[in-house]
Amino acid sequence: MQITVNGKSVQTREGITVTELLVEQKVKTPEYVSVELNGEILDRETFPATVVPDGATVEFLYFMGGGAR
Amino acid sequence: MIILPPGVLADLVAHARAEAPVEACGLLAGAGARVQRSCRLTNLDGSPEHFRLDPREQFAAVRAARSEGLAILGVYHSHPATPARMSAEDVRLAFTPDFHYVILSLADPAGAVAKSFTVIDGRPVEEAVLHEEPET
């Protein structure tokens, strides 16, 4: 099936979960990634059980933060 | 190398001064190595010593940049009272590959100092900050 990941068209398999998609996309630190699926930000706890539907738009981005010390 | 045009740098300094003593933070949108504009974001930590971007604002900034044909090249934050260097926490939390990490220090009363870093194999590497395209 065809989905859009971070603005790019991607071919992937049907039934893939968000967790599996992050692995497929070679995300090294999924625990520090936020995911938006069709415009909705997902709770991290739901990644393993959330199936990405055909034609979905997925955005993911890394946590960004830091400190002065 | 990163190119921060004078107008963009002025925006970063103005943002840092407006938020001080809290750390200011945001994203840098552009193409190639040239930043075209900054995107001011909320520091969810609201702290003088820490910052954390709001993911909702991050997603919105990414979409806005993409709609303009730009990409997010990096993230910036201010150090209101300490030098422009990557702290251990900055490095530990630098997850985004191929990103520019710009730090703006207000610690020197003589003027703001901006430095940019990349993180390679877990180590910060300072890179050149240009204000105009280099001559070829």
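Going down the list, the protein sequences come from chains A and B.
Residue numbering for the first sequence follows the working numbering, beginning at 1134 and increasing consecutively.
Residue numbering for the second sequence follows the working numbering, beginning at 314 and increasing consecutively.
Backbone N, C-alpha and C fix where the C-beta goes; we use that ideal spot for every residue, glycine too.
Query                                                                                                                                                                   : Result
Excluding five sequence neighbours on each side, which residues of the same chain lie with their C-beta closer than 7 Å to the C-beta of P1181/A?                       : T1150 and T1152
Between which two residues does the beta strand (DSSP E) containing P437/B stretch?                                                                                     : R436 to E440
Should P368/B be listed as close to the ligand ADP, given that the test is whether its C-beta is under 7 Å from any heavy atom?                                         : The model depicted lacks the ligand ADP and carries no ligand whatsoever.
Would you grab the beta carbon distance between H413/B and I316/B for me? Rounded to a whole angstrom, and I think it's under 8 Å.                                      : Rounded, the Cβ-Cβ distance is 10 Å, inconsistent with contact.
Pick helix, strand or coil for L1155/A, following the three-state DSSP scheme.                                                                                          : helix
Would the beta-carbon of E1192/A fall within 8 Å of that of E1169/A?                                                                                                    : yes
So, helix, strand or coil for V415/B, using DSSP?                                                                                                                       : strand
Can you pull the chain B neighbours of S1167/A, defined as C-beta to C-beta under 8 Å?                                                                                  : P368, Q371 and F372
If you draw a straight line from the alpha carbon of L1154/A to that of R379/B, how long is it in whole angstroms?                                                      : 22 Å
From T409/B, H390/B and S351/B, pick the residue whose C-alpha is nearest to that of P1163/A; which is it?                                                              : T409/B
Distance check for R365/B and A407/B, CA to CA, integer angstroms please.                                                                                               : 12 Å
What's the gap between the Cα of A397/B and the Cα of L419/B?                                                                                                           : 8 Å
S351/B CB to nearest chain A CB: under 8 Å?                                                                                                                             : no
Measure from the C-beta of T409/B to each C-beta in chain A and report whether the shortest distance is under 8 Å.                                                      : yes
Going by other Cβ atoms of all chains shown within 10 Å of its Cβ, with 16 needed for buried, is A1201/A buried or exposed?                                             : buried
Can you round the beta-carbon distance between V321/B and V348/B to whole angstroms, since I take them to be within the 8 Å contact cut?                                : 5 Å
Hey, V326/B and N356/B: beta-carbon distance below 8 Å or not?                                                                                                          : no
So, helix, strand or coil for T1183/A, using DSSP?                                                                                                                      : coil
Just to confirm my understanding: we take Y1165/A, look at its own chain, exclude 5 residues before and 5 after, and list those with CB closer than 7 Å. What are they? : Y1195 and F1196
So with Cβ pairs under 8 Å, would you call F1180/A a contact of chain B?                                                                                                : no
Just to confirm my understanding: we take A331/B, look at its own chain, exclude 5 residues before and 5 after, and list those with CB closer than 8 Å. What are they?  : A337
Determine whether the Cβ of T431/B lies closer than 8 Å to any Cβ atom of chain A.                                                                                      : no
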